[in-house]
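Novice: Structure provided below as structure tokens; questions to follow.
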Ligand code: SF4
Ligand SMILES: [Zn+2]
Ligand SMILES: [Zn+2]
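Numbering (our numbering), first residue to last: 6 to 301.
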């Protein structure tokens with residue numbers, strides 16, 4: 006297998022494009038895809054400071070690395086969720102990554118800032134911990150960005166993540182979620198703009214990028230990740246993609262271009278949380294309700 010561009014030994018076949026690429030041109034390909042996605046969806050201007058959500062996993066590091074290489078003004082945000090041994094190890098990787106590249110890093114410690122941890126949520130709540138954890142992370146990331154004056158928050162969702170969520174929302178026709186899904190969620194009141202610059206790169210491509218550029222990412226899986234339903238959707242989509250390359254990117258792009266708009270009217274009206282001022286459909290906001298249960 007030879008690289009389509011330079012004819013050297015290829016390291017990966019990008020099936021959706023029907024091309025093989027060598028190490029150098031795979032890195033170039035990923036940078037170009039992110040640059041084009043930022044432009045296509047009008048995500049970010051060069052002079053805007055962008056807060057990058059960092060978990061220590063490959064996608065968050067790839068995102069930070071690429072945005073930095075493309076010349077954006079990035080600051081990383083790591084949330085210490087207080088998951089026994091796991092969170093501390095992730096933090097070590099994140100600090101190492103930031104130090105090696107002299108990139109600014111901010112850390113929010115859930116226990117210190119809000120009085121509870123994800124381990125506490127796991128112990129005390131009956132619902133799945135991931136749903137609560139996702140909500141907590143979204144709340145903290147947005148609040149941090151808003152209070153520190155970052156107009157934009159970037160997350161490392163890749164194409165596989167995006168189409169899995171899309172399929173799950175379509176299968177249940179979750180209109181409110183579909184209206185808000187996509188590469189850019191515009192700012193609204195206390196909500197800063199949310200962007201997903203890796204949305205057109207597959208998981209395989211981000212993994213190859215991380216390995217080929219020597220990114221030392223945190224590989225250990227969260228102990229609570231077992232049984233996440235998104236894995237089923239990802240498997241189903243991988244099977245479809247295998248038989249029909251290019252399906253994922255078409256599904257995603259066409260949704261954003263044609264279908265997303267149709268769900269606009271189903272969005273529920275936002276009100277202000279009386280405790281923290283966060284926009285919510287059902288005040289007090291879900292974070293404040295959970296925090297009260299956790300710290301009671
Ligand atoms: S797997 Fe679930 S609990 Fe663990 S970090 Fe992710 S969302 Fe949180
Ligand atoms: Zn090449
Ligand atoms: Zn609140």
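Each residue gets a CB set at the ideal place from its N, CA and C atoms; glycine is no exception.
Please read all numbers here as calculations on a predicted model, not as lab measurements.
So the beta strand (DSSP E) residue 78 belongs to, where does it begin and stop?
Specialist: Position 73 of the chain shown, counting from 1, holds the residue named residue 78. Taken as a continuous stretch (DSSP letters only), the beta strand (DSSP E) holding residue 78 covers 78 to 85.
Novice: Using 8 Å as the cut-off, can you tell me whether the region 96 to 116 makes contact with the region 57 to 66, which would need three or more C-beta pairs spanning the two stretches below that distance?
Specialist: yes
Novice: Is the beta carbon of residue 302 within less than 7 Å of some heavy atom of ligand 2?
Specialist: There is simply no residue 302 to check, as the chain begins at 6 and stops at 301 in what is shown.
Novice: In or out: residue 47 buried (at least 16 other Cβ within 10 Å) or exposed?
Specialist: The residue given as residue 47 occupies position 42 in the chain shown. So residue 47 ends up on the exposed side.
Novice: With residue 159 as the anchor, note down where its beta strand (DSSP E) starts and where it stops.
Specialist: Counting from one through the chain shown, the residue named residue 159 turns up at place 154. Start and end: 157 to 159.
Novice: In its own chain, which residues sit with a C-beta less than 7 Å from the C-beta of residue 144, not counting the 5 before and 5 after it?
Specialist: Here residue 144 corresponds to residue number 139 of the chain shown, with the count starting at 1. 283 and 292, listed in sequence order.
Novice: Would you check whether ligand 3 has a heavy atom nearer than 7 Å to the C-beta of residue 284?
Specialist: Looking up residue 284 in the chain shown gives position 279. Because no heavy atom of ligand 3 lies under 7 Å away, the Cβ of residue 284 does not count as near it: no.
Novice: Is it buried or exposed, residue 136, if we count other Cβ atoms within 10 angstroms and call 16 or more buried?
Specialist: As a working mapping, residue 136 is identified with position 131 in the chain shown. Flag for residue 136 reads exposed.
Novice: Just grab the DSSP bridge partners of residue 279 for me.
Specialist: As a working note, residue 279 is residue 274 in the chain shown. Residue 279 is not bridged by DSSP to any residue.
Novice: Given 7 Å as the limit, tell me if residue 46 has its C-beta closer than that to any heavy atom belonging to ligand 1.
Specialist: Counted from its first residue, the chain shown places residue 46 at position 41. Outside the cutoff, so no.
Novice: Enumerated in chain order, which unbroken segments of the alpha helix (DSSP H) with a length of 4 residues or greater are wholly contained in the region 29 to 56?
Specialist: Within the region 29 to 56, no run of alpha helix (DSSP H) reaches 4 residues while sitting entirely inside it.
Novice: Would you call the region 16 to 27 in contact with the region 187 to 194, where contact means no fewer than 3 C-beta pairs closer than 8 Å?
Specialist: no
Novice: Determine, using beta carbons only, whether residue 299 and residue 149 come nearer to each other than 8 Å.
Specialist: Sequence index remark: in the chain shown, residue 299 carries index 294 (1-based). Sequence index remark: in the chain shown, residue 149 carries index 144 (1-based). Against a cut-off of 8 Å, the Cβ pair of residue 149 and residue 299 comes out as no contact.
Novice: Measuring alpha carbon to alpha carbon, tell me which of 91, 74, 100 and 89 ends up nearest residue 82.
Specialist: As a working note, residue 82 is residue 77 in the chain shown. Checked all of 91, 74, 100 and 89; the closest Cα to residue 82 is 100.
Novice: Below 8 Å, can you find three or more Cβ-Cβ pairs linking the region 253 to 271 to the region 170 to 183?
Specialist: yes
Novice: Tell whether a beta-carbon distance below 8 Å holds between residue 273 and residue 181.
Specialist: Reading the chain shown from its first residue, position 268 is the one you call residue 273. Reading the chain shown from its first residue, position 176 is the one you call residue 181. Cβ distance < 8 Å, so residue 273 and residue 181 count as in contact.
Novice: When every heavy atom of ligand 2 is checked, does at least one fall within less than 7 Å of the C-beta of residue 210?
Specialist: What you label residue 210 is simply residue 205 of the chain shown in a count that begins at 1. Not under cutoff, so the answer is no.
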